[in-house]
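Peer 1:
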Amino acid sequence: MFAVTPTVPDNADALRKYERNVSGLSSDVATVMLGDSLVEAWPRELSATLGAGPVANLGVGRDRIQNTLWFIEHDREQLRKIKPTTVVVLVGTNNIYLDKPCGVMESYRKLFGEIRSLWPNGKIYSIHILPRGEQMKGAAENIGYVNSELSRRSKELGIRTIDAANVACAMTTPCANYKSDLLHLTPSGYDILTKIIRDGIGAS
1 MFAVTPTVPD NADALRKYER NVSGLSSDVA TVMLGDSLVE AWPRELSATL
51 GAGPVANLGV GRDRIQNTLW FIEHDREQLR KIKPTTVVVL VGTNNIYLDK
101 PCGVMESYRK LFGEIRSLWP NGKIYSIHIL PRGEQMKGAA ENIGYVNSEL
151 SRRSKELGIR TIDAANVACA MTTPCANYKS DLLHLTPSGY DILTKIIRDG
201 IGAS
């Protein structure tokens with residue numbers, strides 16, 4: 001039940017970011033980005049290249065999938081005002097140590113259903129959970145399971161998956177594409193990730 005229960009974030013800063021994100025939406029948005037700090041920190045000049053029209057970055061740091069579900073539920077009426085044709089999702093790394101892999105998949109299933117309900121004409125591109133940690137072994141078994149299931153069940157879930165593991169320096173550390181926490185990306189990491197996503201969207 002918890003896996004699919006929309007959950008309010010545990011900090012006021014996130015709530016302010018949600019409000020700021022939706023208040024700045026324009027009706028001509030063509031691409032929406034949903035996710036955690038990896039999305040929030042995406043350089044604007046790079047994220048702007050992910051779609052043919054205006055791109056709205058709605059990422060909020062520390063979000064788990066349940067928090068993104070809460071955001072959609074709480075701000076549904078404002079989000080209905082836009083009609084994106086592309087929805088890019090990168091979320092789940094904050095779930096991977098706290099929720100069982102089966103629960104993470106249930107969270108995703110609920111999230112993708114809510115996105116389809118909200119924007120029925122939008123194609124959903126789910127970026128695999130990125131490798132993390134020393135030698136990119138952080139929660140590797142759980143991440144591998146979830147990413148494999150996302151790909152295997154993509155048709156059932158109504159999504160297209162994008163494997164962005166090439167950002168991870170052939171699974172070795174140190175890696176110039178990652179900051180010292182081995183979770184967040186450097187400018188070079190976002191350069192590579194943006195190209196991967198553009199190629200993935202263009203190939204579908």
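Numbering of the sequence shown is given in the numbering used here, commencing with residue 1 and proceeding in unit increments. The beta-carbon is built from N, C-alpha and C at its ideal position, and this holds for glycine as well. Keep in mind it's a predicted model, so treat the numbers as computed, not measured.
Are three or more beta carbon pairs between the stretch 18-33 and the stretch 49-69 nearer than 8 Å?
Peer 2: Verdict: yes, contact present.
Peer 1: Relative to the C-alpha of Gly-35, which candidate in Lys-110, Ile-127, Val-104, Met-1 has its C-alpha closest?
Peer 2: Your numbering for residue 35 matches position 35 in the sequence shown. Closest option to Gly-35, Cα to Cα, is Ile-127.
Peer 1: Whole angstroms are fine: how far does the CA of Val-4 sit from the CA of Asn-94?
Peer 2: Locating residue 94 in the sequence shown gives position 94, counting from the first residue. Locating residue 4 in the sequence shown gives position 4, counting from the first residue. For Asn-94 and Val-4, the distance between alpha carbons rounds to 15 Å.
Peer 1: Is Ala-176 helix, strand or coil by DSSP?
Peer 2: For the purposes of this step, residue 176 is taken as the residue at position 176 of the sequence shown. Reduced to three states, the DSSP call for Ala-176 is coil.
Peer 1: Quick check on the DSSP output: what are the complete alpha helix (DSSP H) runs of length 4 or more inside the stretch 53-87, in order along the chain?
Peer 2: The qualifying runs are 65-74, 76-79.
Peer 1: With a CB to CB cut of under 7 Å and the five nearest residues on each side skipped, what residues in its chain are close to Lys-100?
Peer 2: If you number the sequence shown from 1, residue 100 lands on position 100. Cβ within range, chain order: n/a, list empty.
Peer 1: Just curious, the alpha helix (DSSP H) that Ser-117 is in, first and last residue?
Peer 2: In the sequence shown, the residue the question calls residue 117 occupies position 117. Start and end: 101-118.
Peer 1: Could you spell out the range, first to last residue, of the beta strand (DSSP E) harbouring Thr-194?
Peer 2: Walking along the sequence shown from the start, residue 194 turns up at place 194. No beta strand (DSSP E) holds Thr-194; the alpha helix (DSSP H) holding it covers 187-203.
Peer 1: Within 10 angstroms of its Cβ, does Cys-102 collect 16 or more other Cβ (buried), or is it exposed?
Peer 2: Residue numbering aside, residue 102 sits at position 102 when the sequence shown is read from its first letter. Burial call: exposed.
Peer 1: Touch check for the stretch 113-120 and the stretch 78-87: three-plus C-beta pairs under 8 Å?
Peer 2: Enough Cβ pairs lie closer than 8 Å, so yes.
Peer 1: Report the residue from Ala-41, Ser-107, Asn-21 whose alpha carbon sits nearest the alpha carbon of Arg-76.
Peer 2: As a position in the sequence shown, residue 76 is number 76, starting the count at 1. Ranking the options by Cα distance to Arg-76, first place goes to Asn-21.
Peer 1: Taking the continuous beta strand (DSSP E) assigned at Arg-160, which residues delimit it?
Peer 2: Taking the sequence shown and counting its residues from 1, one reaches residue 160 at position 160. Arg-160 -> beta strand (DSSP E) spans 160-162.
Peer 1: Measure the alpha-carbon distance for Arg-64 versus Gly-92 and round it to whole angstroms.
Peer 2: Along the sequence shown, read from residue 1 onward, the residue named residue 64 stands at position 64. Along the sequence shown, read from residue 1 onward, the residue named residue 92 stands at position 92. Going by the C-alpha atoms only, they are around 6 Å apart.
Peer 1: Would you identify the three-state DSSP class for Lys-123, choosing helix, strand or coil?
Peer 2: As a first step, residue 123 must be located in the sequence shown, where it is residue number 123. In this structure, Lys-123 counts as strand in the three-state DSSP scheme.
Peer 1: Using a Cβ-Cβ cut-off of 7 Å (strictly less than) and excluding sequence neighbours within five positions of Lys-81, which residues of its own chain qualify?
Peer 2: Start at 1 with the first residue of the sequence shown, and residue 81 comes out as number 81. The answer, listed in chain order, is Leu-25, Ser-27.
Peer 1: Are there 16 or more other CB atoms within 10 angstroms of the CB of Asn-11, so buried, or fewer, so exposed?
Peer 2: Your numbering for residue 11 matches position 11 in the sequence shown. When all chains shown are included, Asn-11 counts as exposed.
Peer 1: For the stretch 177-184 against the stretch 147-164, are there 3 or more C-beta pairs whose distance is under 8 Å?
Peer 2: With a cut-off of 8 Å, the stretch 147-164 and the stretch 177-184 do not count as touching, because too few Cβ pairs lie within range.
Peer 1: According to DSSP, what are the bridge partners of Leu-90?
Peer 2: Translated into the one-based positions of the sequence shown, residue 90 becomes position 90. Gly-35, per the DSSP bridge assignment.
Peer 1: Would you call the CB atoms of Ala-139 and Tyr-190 closer than 8 Å?
Peer 2: Residue mapping note: residue 139 aligns to position 139 of the sequence shown, counting from 1. Residue mapping note: residue 190 aligns to position 190 of the sequence shown, counting from 1. The answer is no: Cβ separation not under 8 Å.
Peer 1: Since Gly-133 contacts Leu-193 with CB under 8 Å, what's their CB separation in whole angstroms?
Peer 2: The sequence position of residue 133 within the sequence shown is 133, counting from 1. The sequence position of residue 193 within the sequence shown is 193, counting from 1. 18 Å between Cβ atoms; not a contact.
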